[in-house]
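With my numbering, you'll find the sequence shown wraps up at 196, consecutive numbering, no jumps. I have placed the structure first, in the form of structure tokens, so that the comments after it can refer back to it.
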Amino acid sequence: MCIVLVRKFGWNIYRNVGADIQKTLILKRRYNYGIVIKFKAFFIFGIILQCIVFNNKETEFTWDEDNFLDNFLDMTKIYKFFLTYSVYILIGVYIINIICGMFAVKYESKPLMVVHIITDIIFIVYAIYIIYVIYFENIYQYILISLTGFAAIEIILILVSIYFSVIVMVDFNSVDLSENKQQLGRRLSL
């Protein structure tokens, strides 16, 4: 059973690193960071998909010429407008998050990792906002359990992702990993 798990999840990627404990530790942190990003991506995509597919027609915001001012001044309509279109904005933030996280590790770039952490904080705020909407605005009542579960797991994974992001960012430029790139190949890729 253990051999199957090692082959399946690639836990033997450290065999080509050598006896350097510091390199092994850095690679383990980066590998764990990559796993957390993959799980986080699944749950963020799940929330986005549920919000788009199971959206009520009442949350759509229309710009009618007859009552433009009424629509603009009505706070519930503005709230529903934000709820509907923030999901589409979140898709762009999601793409930026994944790209920044991937290239930050690949090129050991601290500014990209900071952008990645900031977009993680945006996802935490959005997950809390979704939980608020689910329980107090009753817009997504029929997917209450799954959306709440996805949002709660997303918050936990994002906090773990921020932890690993900071740990990996501290390790940048501490050890030269370039000598092992030929041996490790794509095993370091996220």
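Glycine included, C-beta positions come from ideal geometry on N, C-alpha and C. For clarity, every value in this text was computed on a predicted model and none was experimentally measured.
Among 52, 40, 27 and 131, which one has its Cα closest to the Cα of residue 110?
40
Less than 7 Å between the beta carbons of residue 99 and residue 123, yes or no?
no
With a 10 Å radius around its C-beta and 16 neighbouring C-beta atoms as the bar for buried, classify residue 180 as buried or exposed.
exposed
For the alpha helix (DSSP H) that residue 141 lies in, which residues bound it at each end?
From DSSP, residue 141 is part of no alpha helix (DSSP H); its letter is neither H nor E.
What residues in its chain sit with their C-beta under 7 Å from that of residue 178, if we drop five residues either side in the sequence?
114 and 116
Tell me the rounded alpha-carbon separation between residue 160 and residue 27.
32 Å
Please confirm whether residue 156 and residue 54 have their CB atoms less than 7 Å apart.
no
Using the Cα positions of residue 176 and residue 131, report the straight-line distance between them to the nearest angstrom.
25 Å
What would DSSP say about residue 114, mapped onto helix, strand or coil?
Correct three-state label for residue 114: coil.
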